[in-house]
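This report refers to the structure that appears directly beneath it.
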Amino acid sequence: MEYTFSGELKTDLVGFKKLMHLYHIISRYKGSTLKLNFGNVNFFDANMSAILLAMLQKLEMDNKNKIVIDYDQIDANCDILRRNGFISHMQKNGEQVHDQRKSTVPLKTFKATQADDFVTYIEKDFLNHRGLDGHLSERVIDKIKESYLEIFSNVELHSETSRPLYTCGQYYPTKREFKFTVVDVGVGFLTNISKKNKAISTYEAAIDWAIQGNSTKKGKTKGGTGLINILKYCRASKGEFHIISGDCYWRFTGTEIEKNTMIKYFCGTTVHLIFRY
Amino acid sequence: MQQNKPSISVLEAIGTPNAILHSFGMTVYDSAKVVVQENKPIIIDFNGVRNLTSAFLHASVGNLVSLNPANSNLITITGLSNPQWEEKVKDAIALALDPKKRDAIEYEINKLFSE
Chain G
1 MEYTFSGELK TDLVGFKKLM HLYHIISRYK GSTLKLNFGN VNFFDANMSA ILLAMLQKLE
61 MDNKNKIVID YDQIDANCDI LRRNGFISHM QKNGEQVHDQ RKSTVPLKTF KATQADDFVT
121 YIEKDFLNHR GLDGHLSERV IDKIKESYLE IFSNVELHSE TSRPLYTCGQ YYPTKREFKF
181 TVVDVGVGFL TNISKKNKAI STYEAAIDWA IQGNSTKKGK TKGGTGLINI LKYCRASKGE
241 FHIISGDCYW RFTGTEIEKN TMIKYFCGTT VHLIFRY
Chain Y
1001 MQQNKPSISV LEAIGTPNAI LHSFGMTVYD SAKVVVQENK PIIIDFNGVR NLTSAFLHAS
1061 VGNLVSLNPA NSNLITITGL SNPQWEEKVK DAIALALDPK KRDAIEYEIN KLFSE
């Protein structure tokens, strides 16, 4: 079986649906060798490779499929996937990548036991990236860091998966944009939230509930998901903030909230943050 | 007198300066809960902690306060290196004492959803 990507893959609803299409097509196969064709790709947001890697590793693990990629096609059409480490993840060779152009935040995976590594990544690879240099105050940096550490904590607590968290980013100097994506392949927002609040029965309602500062943390006190500070920052800076969980694609555009219901699901939760300045 | 209180070093309890996980907070909670249940004073010392999340605070300080709300003043927090963390500790304690409390940020975001 061969699956062909075509056109552009951007950090938006259409881009996510393209990846979900791939996932649902390939998930029909078990114990098969599946070839991904990148020959017709002409644009690929590097941060979206966090979702792609999460999906492919899940398909390899759950369905015992073998994924084959023609890396020459990637080098020809979207070499950013070599520079950000996607290829070394797929080849499982542990090769350390060095993006000479310094336009990517490397694609990494973090298990709950790697809290210190995650902190280092957020501090050095993400928030110290040249794409954000001078654009964020110390206070904003602290708040954003704290938000991602809260997200990491929530994945440990709620995602009900031993699979890692996937992270990646890309900087577009000309467009003055910086995109950063975090993906977990756990149970998503609805499962735990609906247990706590019976009135919440849809992914859309669960995302709304979570982003308002609620949490299902164990114990007698409530906490927060870390999402609220990111939303506040985006509101102040006209940045974008996307949350995808279950069938809901929730997006803060910089000025308003849009929600789209999708026909197909992918497990877990994806969070995109798009800085603009 | 404070110097006579038993003290728990967060850094030593969790073995990292990154107090970010709920499970790390539960480690501190487990270390201190017997003292709190016995109505004895205790110091939770954050010296050396570089990163701190509300998840950690709710699991540790929040849950300890919930154990014995009437005597929450027996828990002393020291060594917070970031002034903003004091607010987070206060929030964790306030939420433990009053789970229905809603802060100004939540109100602001609620307004956004109703616009």
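Going line by line, the protein sequences match chains G and Y. Under our numbering, the residue at position 211 of the first sequence is numbered 211, and the numbers go up by one with no gaps. Under our numbering, the residue at position 3 of the second sequence is numbered 1003, and the numbers go up by one with no gaps. Glycine is no exception: its CB is placed at the ideal position from the N, C-alpha and C atoms.
Any non-hydrogen atom of the ligand MG within 7 Å of residue i CB
i     : result
G15/G : For the structure depicted, the ligand MG is absent and the ligand set is empty, with no information on it obtainable.
Cα-Cα separation between residue i and residue j, rounded to whole angstroms
i       : j       : result
T221/G  : L1074/Y : Any reading at T221/G must be qualified, since the residue scores a pLDDT of 36, below 50, and its modelled position is unreliable; the value itself is stated next. Rounded to whole angstroms, T221/G to L1074/Y spans 19 Å at the Cα level.
P173/G  : N47/G   : 15 Å
F178/G  : H272/G  : 10 Å
T286/G  : F180/G  : Nothing can be reported for residue 286/G, as the shown portion of chain G is limited to 1 through 277.
L136/G  : L231/G  : 15 Å
K259/G  : W250/G  : 5 Å
A1070/Y : K195/G  : 30 Å
D79/G   : K198/G  : 47 Å
L22/G   : T255/G  : 32 Å
H158/G  : N77/G   : 38 Å
L52/G   : W1085/Y : 37 Å
G186/G  : K66/G   : 22 Å
R130/G  : D1091/Y : 34 Å
M55/G   : S27/G   : 10 Å
T202/G  : G246/G  : 9 Å
Y29/G   : N63/G   : 7 Å
E204/G  : N1004/Y : 52 Å
G223/G  : K58/G   : Its pLDDT being 43, under 50, G223/G is placed unreliably in this model, and the coordinates cannot settle the point.
D45/G   : Y171/G  : 10 Å
T141/G  : L127/G  : Per the sequence presented here, residue 141/G reads as Ile, with Thr not at that position. Taking the straight line joining both Cα atoms gives about 7 Å.
N1018/Y : G1025/Y : 11 Å
R1050/Y : D117/G  : 14 Å
N93/G   : N84/G   : 14 Å
R1102/Y : A1094/Y : Any reading at R1102/Y needs caution, since the residue's pLDDT is 44, under 50, leaving its predicted position unreliable; the model's value is listed next. Using only the alpha carbons, I get a separation of about 10 Å.
T269/G  : W209/G  : 15 Å
L36/G   : D70/G   : 7 Å
Range covered by the alpha helix (DSSP H) that runs through residue i
i       : result
H158/G  : 138-158
F1056/Y : 1054-1057
K58/G   : 49-63
H24/G   : 13-26
Y233/G  : 227-237
H242/G  : Element bounds for H242/G: not the alpha helix (DSSP H) but the beta strand (DSSP E), 240-252.
D125/G  : No alpha helix (DSSP H) holds D125/G; DSSP gives it neither H nor E.
T1027/Y : 1022-1037
E204/G  : 203-211
D99/G   : Counting along the chain, D99/G falls outside any alpha helix (DSSP H), and DSSP gives it neither H nor E.
L132/G  : No alpha helix (DSSP H) contains L132/G, which DSSP labels as neither H nor E.
E1087/Y : 1083-1097
C-beta contact flag for residue i and residue j at 8 Å
i       : j       : result
P1006/Y : I1042/Y : yes
I207/G  : C248/G  : yes
T1053/Y : L149/G  : yes
G15/G   : N42/G   : no
S1023/Y : E146/G  : no
V97/G   : P106/G  : yes
L1097/Y : S1072/Y : yes
F1046/Y : T1078/Y : yes
A1055/Y : S49/G   : no
S1020/Y : A115/G  : Checking the sequence, you will find Ile at residue 1020/Y rather than Ser. Yes. Within cutoff.
T11/G   : I274/G  : yes
V113/G  : Y166/G  : For the record, residue 113/G in the displayed sequence is Thr; it is not Val. Contact: no.
K264/G  : M20/G   : yes
Buried versus exposed, by CB contacts within 10 Å (16 or more), residue i
i       : result
T104/G  : buried
R139/G  : exposed
G320/G  : Residue 320/G cannot be examined here, being either before or after the span of chain G that is shown, 1 to 277.
E1012/Y : exposed
K1088/Y : buried
M90/G   : buried
E160/G  : exposed
N229/G  : buried
V183/G  : buried
N192/G  : buried
Q100/G  : exposed
R163/G  : buried
Y121/G  : buried
H95/G   : Note that residue 95/G is Glu in the sequence shown, not His. Classification for E95/G: exposed.
G39/G   : exposed
Y1029/Y : buried
Terminal residues of the beta strand (DSSP E) in which residue i lies
i      : result
K264/G : 257-276
N197/G : Unbroken run through N197/G: none, as it is neither H nor E.
K35/G  : 33-44
F86/G  : Not the beta strand (DSSP E): F86/G falls in the alpha helix (DSSP H), residues 86-91.
R108/G : Residue identity differs from the one stated: residue 108/G is Lys in this sequence, not Arg. Its beta strand (DSSP E) spans residues 104-110.
T167/G : 165-172
Contact list for the segment 139-163 of chain G against chain Y, Cβ threshold 8 Å: Answer in chain order: D142, K145, E146, L149, E150, F152, S153, N154, E156, L157.
Residues of the segment 161-185 of chain G whose Cβ lies closer than 7 Å to any Cβ of chain Y, in chain order: Against chain Y - using a Cβ distance shorter than 7 Å - the segment 161-185 of chain G contributes no residues.
Interfacial residues, the segment 1046-1058 of chain Y to chain G, with Cβ spacing under 9 Å: For the segment 1046-1058 of chain Y, the set of residues with a beta-carbon nearer than 9 Å to any beta-carbon of chain G comprises R1050, N1051, L1052, T1053, S1054, A1055, F1056, L1057, H1058, in chain order.
Interface positions of the segment 1014-1025 of chain Y facing chain G (Cβ-Cβ less than 8 Å), listed along the chain: For the segment 1014-1025 of chain Y, the set of residues with a beta-carbon nearer than 8 Å to any beta-carbon of chain G comprises T1016, N1018, I1020, L1021, H1022, S1023, F1024, in chain order.
Proximal residues, the segment 81-100 of chain G versus chain Y, C-beta separation under 7 Å: Considering only beta carbons, no part of the segment 81-100 of chain G lies closer than 7 Å to chain Y.
Within 9 Å of chain Y by C-beta, residues of the segment 16-41 of chain G in sequence order: Result list empty, no residue passes.
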